[in-house]
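Numbering of the sequence shown is given in our numbering, commencing with residue 697 and proceeding in unit increments.
Below you'll find the structure, written out as structure tokens, and then a few comments.
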Amino acid sequence: MELIFFKDLNKMVAKESPLRIYNAKKGIGSFVTFDVNHLSLIPFDRYFMHIWIYLCDWKVFKNKEEILNSDEQSERIFFEVMRGLNGKQLLSVNKMESEMLQINISDNYKIILFNKQYESEDDWVMIYLNNGKVICYSEAQGLYIVNGSEV
697 MELIFFKDLN KMVAKESPLR IYNAKKGIGS FVTFDVNHLS LIPFDRYFMH IWIYLCDWKV
757 FKNKEEILNS DEQSERIFFE VMRGLNGKQL LSVNKMESEM LQINISDNYK IILFNKQYES
817 EDDWVMIYLN NGKVICYSEA QGLYIVNGSE V
């Protein structure tokens with residue numbers, strides 16, 4: 697395990713930009729997954745990164761209005777919001793005040809991750825990179841990177 701900084705993650709995103717979201721969908725329970733890739737790699741037979749929003753609470757905003765959260769029960773609403781994320785550009789991932797993460801997406805979308813029910817050691821998000829590395833975040837460990845075989 698190696699600790700990394702959000703600025704390093706965002707440098708990687710900026711270097712590879714534009715990175716587009718596709719295959720955004722609901723996982724089991726409140727988990728959300730989506731792939732991120734270069735627009736030039738269509739059709740998407742592989743990803744540059746796969747993002748798994750995992751053991752945390754979260755909210756999706758568009759134009760500062762909450763449009764979905766991790767407690768949502770409606771499959772239709774979930775589907776519509778996930779469909780709306782497809783094709784949008786991943787802009788950055790930032791740590792906010794009071795232990796929250798913000799994933800910034802084009803067209804005024806953002807996903808806020810926070811914790812109101814999980815253990816501090818639980819990984820909120822796992823970002824699988826195409827080089828076999830995985831970037832994770834938990835309250836206890838912060839942002840860190842491991843080999844994929846370690847998760």
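Every residue gets a Cβ at the ideal spot worked out from N, C-alpha and C, and that includes glycine.
Note that the structure is predicted; figures quoted are calculated from it, not measured.
L751 in three-state terms, based on DSSP: To locate residue 751, count along the sequence shown from 1; it is residue 55. Correct three-state label for L751: coil.
Chain-order list of residues whose beta-carbon lies under 8 Å from that of P714 (same chain, five-residue window excluded): The residue you call residue 714 lines up with position 18 of the sequence shown. Closer than 8 Å at Cβ, skipping near neighbours: H734, L735, Q785.
Three-way DSSP call (helix, strand, coil) for K760 in this model: Here residue 760 is taken as the residue at index 64 of the sequence shown, counted from 1. In the structure shown, K760 sits in coil (DSSP, three-state: anything other than H, G, I, E or B).
Cα-Cα separation, K760 to G828: As a working note, residue 760 is residue 64 in the sequence shown. As a working note, residue 828 is residue 132 in the sequence shown. Looking at the two C-alpha atoms, the distance is approximately 35 Å.
Euclidean distance between Cα positions of L809 and G723: Position 113 of the sequence shown, counting from 1, holds the residue named residue 809. Position 27 of the sequence shown, counting from 1, holds the residue named residue 723. In this structure, the straight-line span from the alpha carbon of L809 to that of G723 is close to 16 Å.
Cβ pair Y718, K758 closer than 7 Å: Residue numbering aside, residue 718 sits at position 22 when the sequence shown is read from its first letter. Residue numbering aside, residue 758 sits at position 62 when the sequence shown is read from its first letter. No.
Local Cβ density within 10 Å of I773, reported as buried at 16 or more and exposed below that: Here residue 773 is taken as the residue at index 77 of the sequence shown, counted from 1. With fewer than 16 other Cβ atoms within 10 Å, it is exposed.
Opposing strand residues paired with E698 [DSSP bridges]: Mapped onto the sequence shown, residue 698 falls at position 2. E698 is bridged to I841.
Runs of beta strand (DSSP E) wholly within the stretch 762 to 809 (minimum 3 residues, chain order): 786 to 792, 796 to 801
Per DSSP, cross-strand counterpart(s) of I823: If you number the sequence shown from 1, residue 823 lands on position 127. DSSP lists I747, I831 as partners of I823.
Spatial distance of E850 from V789 (CA atoms): The question about residue 850 has no answer here: the residues shown for the chain are numbered 697 through 847.
Whole-number beta carbon distance between I747 and V821, since they are thought to touch under 8 Å: As a first step, residue 821 must be located in the sequence shown, where it is residue number 125. As a first step, residue 747 must be located in the sequence shown, where it is residue number 51. Right, their Cβ atoms sit about 7 Å apart.
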